[in-house]
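Undergrad:
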Amino acid sequence: MSESAVQLLDAVRAELAPAPDANRFVAEVARGGAPLSSVAALAAEESRVVPSDRRSFLFLAARAADTVAGEFFSALAAGESQAAVTLAPLAEAAGMDQAALAAYQVRPQAQAYPAYVAWLALNADPAEVVIATVANFAAWGSYCAALGTALRADYGFGDDACAFFDFFAGGAQELERLAVDAVAQALSAGQPLARAREYGRLLQGYELMFWDMLADLPAPPDSSDGRRRPIGPAS
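Quick note on numbering: the numbering used here labels position 75 of the sequence shown as 87, and the sequence is numbered without any gaps.
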């Protein structure tokens, strides 16, 4: 059964992988052309996304208690707790202090993703959410790796400022193992897992809305060229 679970996870990942040029924001940061205000907006939006996703994962863990899927979502929730503390240094490096972070008005395009994760937590089969989440996190991890590299190279960000991206870019072998075991357990129980692809497709779509929103943000009026402003290293 484990082999079938691996095959299913790999197939859904491949089917739902975004096109190489799908993420305009990451491409713009990689060129050094995104304004710092957009990076700050990313941190501010994530300051709402992360705690929402954490609560959703905890709810899924409770729904899937005594199954491997429950362990998977408990591990995801713990990861969100770790990621949460890395957002303030990222926002600060991008020019957003704590007062501005607290006053930031989130945008619906960015918050559609966590809203859908919350819907999944309430309504979807946990094993199907495991599959959808694994497929989504594959792209998310690659985007975070690219952002961490670009922000260091072209924006002068230090390790503390990039810790959020480093965390999600890192390989998560234990999560992968739990995902495989959770799917194998569901398959052994005869679960059809028929909606996993739909859930994953929607997660990918809502995440792309998040990135598109950041890419379309106008540069602040005090920016001379509408692009990034060099800053000193943050650590």
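The C-beta atom is built at its ideal place from N, Cα and C for all residues, glycine as well.
State the beta-bridge partners of Phe149 as determined by DSSP.
TA: Translated into the one-based positions of the sequence shown, residue 149 becomes position 137. The partner list for Phe149 (beta bridge, DSSP) is empty, contrary to what the question assumes.
Undergrad: Considering only their Cβ atoms, is the gap separating Ala76 from Gly82 smaller than 8 Å?
TA: Along the sequence shown, read from residue 1 onward, the residue named residue 82 stands at position 70. Along the sequence shown, read from residue 1 onward, the residue named residue 76 stands at position 64. In this structure, Ala76 lies closer than 8 Å to Gly82 by Cβ.
Undergrad: Within 10 Å of its beta-carbon, does Gln19 have 16 or more other beta-carbons around it, so buried, or fewer, so exposed?
TA: For the purposes of this step, residue 19 is taken as residue 7 along the sequence shown, with counting starting at 1. With fewer than 16 Cβ atoms within 10 Å of its Cβ, Gln19 is classed as exposed.
Undergrad: In the DSSP assignment, find the alpha helix (DSSP H) that holds Met221 and state where it starts and stops.
TA: Start at 1 with the first residue of the sequence shown, and residue 221 comes out as number 209. From DSSP, the alpha helix (DSSP H) with Met221 extends over Ala208 to Asp228.
Undergrad: Taking the straight line between their C-alpha atoms, what separation do you get for Ala17 and Ala196?
TA: For the purposes of this step, residue 17 is identified with residue 5 of the sequence shown, where counting begins at 1. For the purposes of this step, residue 196 is identified with residue 184 of the sequence shown, where counting begins at 1. C-alpha separation (whole angstroms): 5 Å.
Undergrad: Measure the C-alpha to C-alpha separation of Leu187 and Phe84 and round it to an integer number of angstroms.
TA: For this step, residue 187 is matched to residue 175 along the sequence shown. For this step, residue 84 is matched to residue 72 along the sequence shown. Rounded to whole angstroms, Leu187 to Phe84 spans 6 Å at the Cα level.
Undergrad: Between the C-alpha atoms of Val97 and Asp137, what's the straight-line distance to the nearest angstrom?
TA: What you label residue 97 is simply residue 85 of the sequence shown in a count that begins at 1. What you label residue 137 is simply residue 125 of the sequence shown in a count that begins at 1. Distance between the alpha carbons of Val97 and Asp137 is about 30 Å.
Undergrad: If you check the beta carbons only, do Glu140 and Leu190 fall under 8 Å apart?
TA: Locating residue 140 in the sequence shown gives position 128, counting from the first residue. Locating residue 190 in the sequence shown gives position 178, counting from the first residue. It is not a contact, given that the beta carbons lie outside the stated cut-off.
Undergrad: Can you give me the C-alpha to C-alpha distance between Glu118 and Val192, rounded to a whole angstrom?
TA: As a working note, residue 118 is residue 106 in the sequence shown. As a working note, residue 192 is residue 180 in the sequence shown. Reading off the sequence, residue 118 comes out as Val, not Glu. Rounded to the nearest angstrom, the two C-alpha atoms are 35 Å apart.
Undergrad: Does the stretch 60-76 come within contact of the stretch 32-44, defined as at least 3 CB pairs closer than 8 Å?
TA: With a cut-off of 8 Å, the stretch 32-44 and the stretch 60-76 do not count as touching, because too few Cβ pairs lie within range.
Undergrad: What residue from Phe69, Ala29, Ala52 and Gln185 has the CA that sits closest to Leu226's CA?
TA: Translated into positions along the sequence shown, residue 226 becomes position 214. Of the listed residues, the one whose Cα sits closest to Leu226 is Ala52.
Undergrad: In angstroms with no decimal places, state the Cα-to-Cα distance between Arg60 and Pro232.
TA: As a working note, residue 60 is residue 48 in the sequence shown. As a working note, residue 232 is residue 220 in the sequence shown. If I take the Cα positions, the gap works out to 22 Å.
Undergrad: Could you give the C-beta distance for Leu28 and Gly183, rounded to a whole number, given that I count them as a contact under 8 Å?
TA: Along the sequence shown, read from residue 1 onward, the residue named residue 28 stands at position 16. Along the sequence shown, read from residue 1 onward, the residue named residue 183 stands at position 171. The pair is not a contact, with the Cβ atoms about 20 Å apart (cut-off 8 Å).
Undergrad: Ser93 to Leu113, Cα distance in whole Å?
TA: Indexing the sequence shown from 1 puts residue 93 at position 81. Indexing the sequence shown from 1 puts residue 113 at position 101. In a straight line, the C-alpha of Ser93 is about 18 Å away from that of Leu113.
Undergrad: Rounded C-beta distance between Ala11 and Gln110? I'm assuming under 8 Å.
TA: Here the chain comprises residues numbered 13 to 247, so residue 11 is not present and cannot be evaluated.
Undergrad: Closest by CA to Thr79, which one among Val142, Asn35, Asn148 and Leu215?
TA: By 1-based counting over the sequence shown, the position of residue 79 is 67. For Thr79, the nearest C-alpha among the options comes from Val142.
Undergrad: Cβ of Pro166 within 8 Å of Cβ of Arg36?
TA: To locate residue 166, count along the sequence shown from 1; it is residue 154. To locate residue 36, count along the sequence shown from 1; it is residue 24. According to the sequence provided, residue 166 is Asp. The question's Pro does not apply to it. Contact flag unset, no.
Undergrad: Ends of the alpha helix (DSSP H) at Pro204?
TA: Taking the first residue of the sequence shown as 1, we reach residue 204 at position 192. Element bounds for Pro204: n/a, residue is neither H nor E.
Undergrad: When you compare only the Cα positions, how much space is there between Leu199 and Ala23?
TA: Counted from its first residue, the sequence shown places residue 199 at position 187. Counted from its first residue, the sequence shown places residue 23 at position 11. Approximately 15 Å, taken between the alpha carbons.
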